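For the record, in the sequence shown the residue sitting at position 151 is 159 according to my numbering, with numbers rising by one throughout.
For glycine and all other residues, C-beta sits at the position ideal for the given N, C-alpha and C.
This one's a predicted model, so the numbers in the text were calculated from it and none came from an experiment.
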Amino acid sequence: MFERFKPTWMLNSIYSLTPADLKRHGIKAILTDLDNTLIAWNQPQAHNDQIKKWLVMMNEADISVIIVSNNNHRRLQKFAQPLGINFIARAGKPFGFGVKRAKKQLNLTDDQIVLVGDQLLTDIAAANRTNIRSILVKPLVDSDAWNTKINRLLEKVVSHYLLKHNLLGDEWRNKLDG
């Protein structure tokens, strides 16, 4: 039951991902969560140099990036439009509705897509439900919106089970391979 929350990889940050790492694994597209993955949840328009540089690097390597978030359209548009990023709002994670819509847009095979997010119960579960690989990243900030705080409590139970059964690495990395 808890295996559906097992990530493929665990990284310190989405910004650790490089085109070389992704291409080594045949990945041509990143579906990413927004809050506490790309930006802090309480910074709606954090267009910093790190985000811009990372997006340019992915674009130059022909790696598509689509934000797949449970946030509303207005919040995502405010962030994504100035950066020229496609997005799927009200994605319905962990159920995978938004992930499936993004997969249709990309027209790639499942093994060419990865979902990156900071939550086991939404992001990783949605990736596993839709048969794509996943990367769990550390949340960018320690605080969360009220609705995410509930998930974090449940996530502690899930991560304890995964650790106990050797289904979750106990080591955060800066690269996919080591």
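Asked                                                                                               : Found
Between the CA atoms of Ala134 and Asn159 - distance to the nearest angstrom                        : 14 Å
Beta-carbon proximity of Val73 to Ile93, cut-off 9 Å                                                : yes
Nearest neighbour of Ser21, chosen from Glu163, Leu170, Thr130 and Asp126 [CA to CA]                : Asp126
Trp180, DSSP secondary structure in three states                                                    : coil
Whole-angstrom distance between Leu91 and Lys172, CA atom to CA atom                                : 41 Å
Beta-carbon separation (whole angstroms), Phe10 vs Ile132, contact threshold 8 Å                    : The pair is not a contact, with the Cβ atoms about 11 Å apart (cut-off 8 Å).
Three-state secondary structure assigned by DSSP to Asp43                                           : strand
Inter-residue spacing [alpha-carbon to alpha-carbon] between Ile96 and Glu179                       : 31 Å
Thr130 CB to nearest heavy atom of the ligand FAD below 8 Å                                         : Among the components modelled here there is no ligand, and therefore nothing to report on the ligand FAD.
Minimum Cβ-Cβ distance from Gly92 to chain C less than 9 Å                                          : The question asks about chain C, but that chain is absent: this structure has only one protein chain.
Close Cβ partners of Gly104 (< 6 Å) along its chain, the five nearest in sequence each way excluded : Ala134, Arg137 and Thr138
Assigned secondary structure, Leu114 (DSSP; H/G/I helix, E/B strand, else coil)                     : helix
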